[in-house]
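Here my numbering is used: the first residue of the sequence shown is 1, the next is one more, and so on.
Here's the structure we're looking at; comments come further down.
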Amino acid sequence: MQHCGKVALALLMLGARPALGETLTNTAYRLEVTNGPSGLTLALRDQRMGMAVADGLIYRAQRTVAEGALLSRELKSCSVAVTGDELTIRGKLAGLDLEQRFTLPAGKPCLEEQITLVNGTSEAIRLEEFEAGFRRRVASMTGRVLAGLTEDRIVALPFRKRPTDAEGELHDYTLNQLLTQPGGAQRVNMEESWQADRGISGYVPSRHRSAEGWAWTHRDSSLCVFKFSQDLLEFSALSTVVEPDGVSLRFGGACMVDGLPSRLLAIPPGRSVVLGLNRYQTVSGDYVEGLYAMREFLDERGCRFPADYNPPAQWNELYDSPFWDVDTPGKPDGNIDDTRAVLYTKALMETEAAKARDYSCESLYLDPGWDSNFGTLIWGEKWLGPRREFVDRMKKEYGLGLSLHCPLASWMSHPVMRTNNPGVRAYPETSFRKDAEGKILTNSICCGSRQYLDLALRRMLESCADGVGFLMFDGDWYQGGCWNRDHGHPVPYREEDQVEAVSGLAQGVHAKYPRVLIEMHDPIGSGSPAKFTPVYYKYGLPGGFDENWGFELMWRPMHDLRAGAAKALYYYNLGCNVPAYLHVDLRDDNDHALVLWWYASTCRHLGIGGTHPNPFVAELHRREMKRYREWERFFKRGEFFGISEEIHLHVLPKENAFVANLFNLSSETRVIRGEFDLRRAKGLDLNRYYIGASRWGGFKKEGKFTVSLEMPPWSAEVGAFHAIEETRESSKP
Ligand SMILES: [Zn+2]
């Protein structure tokens with residue numbers, strides 16, 4: 001039996017065992033681990049940076065015991081083994097068998113890491129805290145950042161800017177900022193009152209920071225670490241660790257933050273938990289290169305829009321609809337849903353369909369109001385006529401498809417947001433949630449109960465059978481657990497189970513109607529601007545949902561641009577190829593169509609709605625939508641690149657063509673300029689002649705595309721560039 005720590009030291013003094021060093025190397029890294037008398041030592045050397053990026057390992061776990069909690073801070077009974085291109089550390093932590101496997105593939109300049117925990121005991125183990133990963137000392141005993149690291153930057157990927165950030169706030173830190181500002185754990189509580197900028201979410205202080213990935217820029221290169229798991233709700237956590245001789249950062253590995261991943265809260269005897277994969281990759285350049293590397297990493301795992309992705313441009317009736325705004329100063333008889341018969345009629349919807357056609361849209365999207373009561377998912381035939389007739393008429397008269405908002409159980413049966421909603425009666429009482437004491441929560445329908453899901457699926461399939469082509473899953477937030485053992489879900493019902501249930505619903509629809517597009521709101525935070533699940537989570541699985549939600553930036557799209565929240569979409573696209581859907585209120589736009597073009601450029605699936613009060617702007621919108629449709633393939637399926645937040649490229653390499661969007665996101669007239677190395681857009685034939693909007697876009701030798709244009713405040717410009725036909729033959733005399 002081998003030991004680490006003080007026990008090992010004592011044994012060594014008795015001459016029991018010498019230190020064992022193991023080394024793995026590839027073109028990117030050199031990993032050296034020694035199982036010595038004072039425990040495990042580790043050095044990870046970054047070959048490009050020419051320095052050690054990790055100088056140790058950290059293991060911590062806090063396990064619930066009868067007296068309270070037991071803290072384990074060392075991996076016991078360690079062993080280190082190398083097989084082929086893998087180095088594996090094994091040991092015991094908090095009663096669990098821990099296996100940490102590092103892979104340095106010979107042909108790939110990266111390092112991969114995965115941790116597995118096995119409960120080999122005869123009782124369940126509950127962890128309250130768990131943390132393992134690389135350690136790098138970054139500051140002295142008094143917290144002064146070490147010489148040579150003061151210019152380093154650490155940036156969260158993809159959300160350098162989150163949709164919930166205050167104006168000017170960025171997740172782009174110097175080490176000094178990382179050490180002096182608290183990290184945070186994101187939480188959601190649907191019982192709290194809604195706030196426009198962050199919904200019902202917020203942050204509590206923590207020494208951890210969570211993101212899908214991180215880029216640590218040192219001089220001219222960046223060490224990136226990306227986390228990937230389709231089974232556990234797990235982010236790449238970066239944590240500060242205060243030690244007697246200084247302050248370190250702990251990164252990679254795995255880390256439990258505020259109770260997630262929840263599988264660690266109860267590990268049954270004989271069972272294992274395979275934590276998410278870490279990919280380490282060092283790139284030349286800063287966080288932008290890190291974002292592209294992360295996007296390629298996600299592409300490799302199937303988290304990328306399909307090659308034939310072609311979502312319909314949608315018109316949302318909501319913004320011009322009288323139903324959405326109906327309210328009362330008193331206590332009228334009947335439910336607010338009853339006003340649909342007057343405010344959500346077929347005639348009104350046809351007025352919206354005519355607008356959809358005039359704005360060159362391809363589908364009419366019906367927001368709340370189409371179903372018999374909110375959340376029933378049963379067609380409101382009383383005021384809309386038979387569904388199939390409605391679908392046929394949309395097609396025949398307006399050339400439109402039909403798209404539906406689907407408010408799921410959490411919203412429909414929310415005790416505050418939908419008091420006494422009659423829609424609840426469209427589901428059996430057996431779908432009601434139970435609390436931890438087994439008490440039935442009357443009218444609170446469990447989003448993960450078979451009783452609810454089976455009916456919801458059946459009703460959605462009926463809509464699809466009549467020709468509906470798009471479903472939005474909304475109101476699907478995590479309700480906070482359910483202990484009803486008749487629901488067919490694990491008890492207690494946790495966050496991961498909720499995501500499984502909602503994405504399973506999408507798989508159910510796709511099993512019969514694979515071409516129906518499904519947008520899934522975040523199944524933890526739903527319509528909140530905050531993102532609670534990783535951007536790729538459950539995307540790309542067989543039959544899964546098709547689109548992420550564009551962070552609720554639909555209500556005040558111009559305000560969100562001015563305040564910076566909408567820039568989150570820009571960073572999202574640099575780091576992720578899972579399409580985002582959003583429908584924006586065009587009434588908020590200005591006379592440069594800035595709103596229209598910003599969201600067209602950053603959402604692969606575009607929806608619009610709302611007639612601008614200024615008829616000239618409304619006319620501009622109709623004209624610009626024609627241009628959008630002409631170039632839509634670039635926005636839907638092009639490779640997205642950013643010269644800056646204000647210059648975006650959408651490249652179709654096979655066509656040797658791209659569209660460029662320019663924005664002036666400031667209150668001053670400015671020259672927007674930048675340069676892009678077209679070699680980065682792999683597949684473009686650069687040895688051709690290109691034409692396009694030459695007033696502001698041009699080409700230089702060495703593969704460069706350049707932009708320079710003086711633009712008025714808060715304005716947009718767009719233009720296409722493409723190679724002309726081959727000229728070699730015709731130029732022969
Ligand atoms: Zn339940």
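Ideal Cβ placement from N, Cα and C applies to all residues, glycine included.
Note that the structure is a prediction, hence the values are computed from the model and not measured.
Within this structure, are the beta carbons of residue i and residue j separated by less than 7 Å?
i                 : j                 : result
leucine 104       : leucine 24        : yes
leucine 175       : leucine 149       : yes
serine 248        : arginine 73       : no
alanine 237       : leucine 157       : no
alanine 720       : glycine 692       : yes
glutamate 675     : lysine 704        : yes
methionine 711    : asparagine 664    : yes
tyrosine 536      : phenylalanine 159 : no
leucine 291       : leucine 574       : yes
aspartate 371     : isoleucine 378    : yes
leucine 264       : leucine 127       : yes
phenylalanine 635 : alanine 600       : yes
glycine 564       : glutamate 151     : no
tryptophan 383    : threonine 345     : yes
methionine 736    : tyrosine 359      : Since the first residue of the chain shown is 1 and the last is 733, residue 736 is not available in this structure.
Between residue i and residue j, which are expected to be in contact by the criterion C-beta below 8 Å, what is the C-beta distance as a whole number of angstroms?
i                 : j            : result
glycine 133       : glycine 253  : 2 Å
phenylalanine 551 : lysine 531   : 7 Å
cysteine 603      : alanine 580  : 5 Å
serine 444        : arginine 459 : No, serine 444 and arginine 459 are not in contact; Cβ-Cβ is about 20 Å, not under 8 Å.
methionine 349    : cysteine 406 : With 8 Å as the limit, methionine 349 and cysteine 406 do not qualify as a contact, their Cβ atoms being about 17 Å apart.
What three-state label does DSSP hand residue i in the structure shown?
i                 : result
asparagine 573    : helix
threonine 611     : coil
asparagine 656    : coil
asparagine 548    : strand
glycine 504       : helix
asparagine 664    : strand
histidine 722     : strand
alanine 10        : In this prediction, alanine 10 scores a pLDDT of 39, lower than 50, which makes its location untrustworthy; the coordinate-derived value is nonetheless stated afterwards. Helix at alanine 10.
arginine 48       : coil
histidine 510     : helix
cysteine 464      : helix
glutamate 717     : strand
tyrosine 280      : strand
alanine 254       : strand
phenylalanine 390 : helix
methionine 1      : Because methionine 1 carries a pLDDT of 33, less than 50, the predicted location of this residue cannot be relied on, and the following value inherits that uncertainty. Coil.
Whose C-alpha, out of the options, is nearest the C-alpha of residue i?
i              : options                           : result
alanine 409    : Gly438, Leu453 and Leu366         : Leu453
lysine 654     : Ala723, Tyr539 and Ala618         : Ala723
tryptophan 555 : Arg587, Ala354 and Leu652         : Arg587
glutamate 192  : Gly202, Met394, His650 and Ile378 : Gly202
threonine 116  : Arg271, Pro205 and Ala43          : Arg271
threonine 240  : Gly68, Val273, Glu437 and Pro205  : Pro205
arginine 623   : His592, Phe640, Leu649 and Arg637 : His592
valine 718     : Asp55, Glu668 and His648          : His648
glycine 448    : Gln479, Lys439, Asp258 and Val82  : Gln479
proline 244    : Arg137, Gly475, Pro37 and Glu500  : Arg137
arginine 340   : Glu350, Glu547 and Phe374         : Phe374
valine 416     : Gln47, Met190 and Asp466          : Met190
I need the boundaries of the alpha helix (DSSP H) containing residue i, first residue and last residue.
i              : result
cysteine 446   : Cysteine 446 -> no alpha helix (DSSP H), and no H or E assigned at all.
lysine 626     : 615-637
methionine 294 : 287-300
serine 179     : The sequence given here places leucine at residue 179; serine does not occur at that position. First-last of the alpha helix (DSSP H) with leucine 179: 175-180.
tryptophan 598 : 594-602
aspartate 358  : 346-358
proline 557    : 557-562
alanine 530    : Per DSSP, alanine 530 belongs to no alpha helix (DSSP H) and is neither H nor E.
Can you name the start and end residues of the beta strand (DSSP E) that residue i belongs to?
i              : result
glycine 186    : Sequence check: residue 186 is glutamine here, not glycine. That run of the beta strand (DSSP E) goes 183-188.
methionine 472 : 470-474
leucine 517    : 517-520
lysine 734     : Coverage of the chain is limited to positions 1 through 733, which leaves residue 734 absent and any answer about it impossible.
aspartate 585  : 580-585
glutamine 114  : 111-118
serine 222     : 221-228
glutamate 99   : 96-103
lysine 701     : Counting along the chain, lysine 701 falls outside any beta strand (DSSP E), and DSSP gives it neither H nor E.
proline 407    : 401-407
lysine 434     : 432-434
Would you say residue i touches ligand 3, meaning its beta carbon is less than 6 Å from a heavy atom?
i          : result
serine 449 : For the structure depicted, ligand 3 is absent and the ligand set comprises only ligand 1.
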